[in-house]
Amino acid sequence: MIQHQRPRRLRHNQAIRSLVSETSLSVNNLIMPIFINETITDKEPIYSMPGIYRHTIQSAIEHCKTIIDQGITACALFPGIHNEKKNSKASEALNINNFYYEAISKIKDTFPELLIISDVALDPYSSDGHDGLVRNDKIINDETIEILSKMALYQAKAGADIIAPSDMMDGRIKVIRETLENAQFNNTLIMSYSAKYASSFYRPFRDALESAPKKGDKKTYQMNPANRLEAIKEVQLDEEEGADIILIKPASQYGDIIRDIKEHTTLPIAAYHVSGEYSMIKAAAEKGFLSYEDTLYETLLSIKRAGANMILSYGAIDAALILSNKNK
Ligand code: PBG
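Sequential numbering of the sequence shown, starting at 0, is according to numbering that gives the first Met the number 0.
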């Protein structure tokens with residue numbers, strides 16, 4: 000039979016498949032999140048995130064060496080704080096000598112070339128477990144962003160290269176940008192969690208940090224998973240307010256959002272392949288239902304195909320290894 004079009008010709012062998020491949024995942028696009036914790040004396044595994052640890056500053060430094068050796072150029076640091084230091088004002092966040100600022104500066108001093116992405120939100124320090132101040136069961140926006148902007152400045156002073164507000168308060172990018180500019184931190188980047196959804200996929204992360212909300216949920220500040228246009232609005236505002244990079248999370252279930260945003264912004268896009276997305280693959284692989292390596296690779300590739308320029312993933316080191324084996 001004569002068939003003029005046979006799409007399979009372009010899939011005939013690996014050489015032609017590589018030649019026509021539309022998307023590629025590279026180690027350059029990967030960011031490794033790291034949990035650092037002041038309550039431990041040695042690194043400890045996180046039960047709901049197989050393969051991921053809570054680190055001391057010292058073990059985080061050793062971990063960063065592995066990250067760099069794999070060719071990854073950026074990490075995102077998340078702090079676990081002593082329960083006794085948490086209060087309703089999240090005051091430990093503004094202690095310039097706190098564990099987090101110390102960790103940032105020690106890692107920066109050890110590896111000046113590794114980009115450090117620091118987290119701006121109150122939840123690690125708040126006894127309420129919310130990203131903003133809580134009063135009468137409400138999350139207070141404008142007082143929160145004053146604190147967030149100070150945190151951002153302390154992080155920049157400690158050596159963070161990229162400030163990443165994950166709190167979803169309104170107007171925080173503007174005050175953070177102004178605070179940084181006023182203090183001459185003109186080259187500090189802001190990676191804004193612009194479209195962060197109120198997602199069930201964050202649970203292992205909250206286990207890892209013991210940062211789950213004590214009461215209520217995060218639906219008055221994180222976005223409704225039903226919405227698309229709202230994500231575009233959030234991105235437009237953050238762009239006007241001074242963001243350099245737009246972050247979307249979760250990632251694999253939100254490929255349509257990544258694509259929508261890609262079509263509406265000229266800024267680089269980061270996607271966060273979050274804790275639950277990672278743990279799901281790990282758990283299925285442990286049961287023998289899926290191949291961890293193949294599923295991780297396909298997932299990250301799909302996030303890239305959706306329009307992400309860079310991906311935060313707990314599988315970043317594993318993905319870097321997979322990529323280097325593929326290139327052999
Ligand atoms: C909190 C924060 C969360 C994550 C990053 N920063 C959880 C939350 O909003 O409750 C989730 C990341 C993950 O699940 O991997 N500011």
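Ideal placement from N, C-alpha and C gives every residue a C-beta, glycine not left out.
When C-beta atoms of the stretch 131-140 are compared with those of the stretch 189-208, fewer than three pairs fall below 8 Å, so the two segments do not count as touching. A heavy atom of the ligand PBG is found nearer than 6 Å to the CB of Val273. By alpha-carbon distance to Asp293, the top candidate from Met309, Leu320, Ala270 is Leu320. In the three-state DSSP reduction, Glu145 falls in the helix class (H, G or I). For Arg53, the uninterrupted beta strand (DSSP E) run begins and ends at 52-54, by DSSP. Boundaries of the beta strand (DSSP E) harbouring Tyr192: 188-195, taken from the DSSP string.
Within its own chain, the residues whose Cβ lies closer than 6 Å to the Cβ of Ser165, once the five positions on either side in sequence are excluded, are Asp118, Ala120, Tyr192, listed in chain order. Relative to the non-hydrogen atoms of the ligand PBG, the Cβ of Ser193 never comes closer than 6 Å to any of them.
Glu43 sits in a strand when the DSSP states are folded into three classes. Inter-segment contact for the stretch 295-305 and the stretch 1-13 is absent: fewer than three beta-carbon pairs are separated by less than 8 Å.
Residue environment analysis places Lys218 among the exposed positions, since fewer than 16 neighbouring C-beta atoms fall within 10 angstroms of its C-beta.
Secondary structure at Asp127: coil, using DSSP grouped into helix, strand and coil. Nearest to Ile116 by C-alpha distance, out of Asn12, Pro49, Lys107, is Lys107. Annotated three-state conformation of Ile302 is helix, per DSSP.
Annotation: the continuous alpha helix (DSSP H) that includes Arg176 extends over 171-181. DSSP assignment within the stretch 241-287 yields the following whole beta strand (DSSP E) runs of 3 residues or more, N-terminal first: 244-248, 268-272. By the CB criterion at 7 Å, Gly314 and Ile257 fall outside the cutoff. Note that the C-beta distance between Ser148 and Ile175 is below 7 Å.
Secondary structure of Phe184 (DSSP, three-state): coil. In terms of Cα proximity to Ala270, the closest of Pro32, Arg7, Gln13 is Pro32. For the set Ala230, Val19, Pro49, the Cα lying nearest the Cα of Met279 is the one of Pro49.
Here Phe77 is not near Glu37, since their CB atoms are 7 Å or more apart. Between Thr143 and Ile162 the beta-carbon gap is near 16 Å, outside 8 Å, which marks them as no contact. Under the DSSP assignment, Lys137 falls in the beta strand (DSSP E) whose first and last residues are 137-139. Looking at the DSSP output, Ser312 shares a beta bridge with His272. Of Glu177, Arg304, Lys281, the smallest CA-CA separation from Glu240 is found for Glu177.
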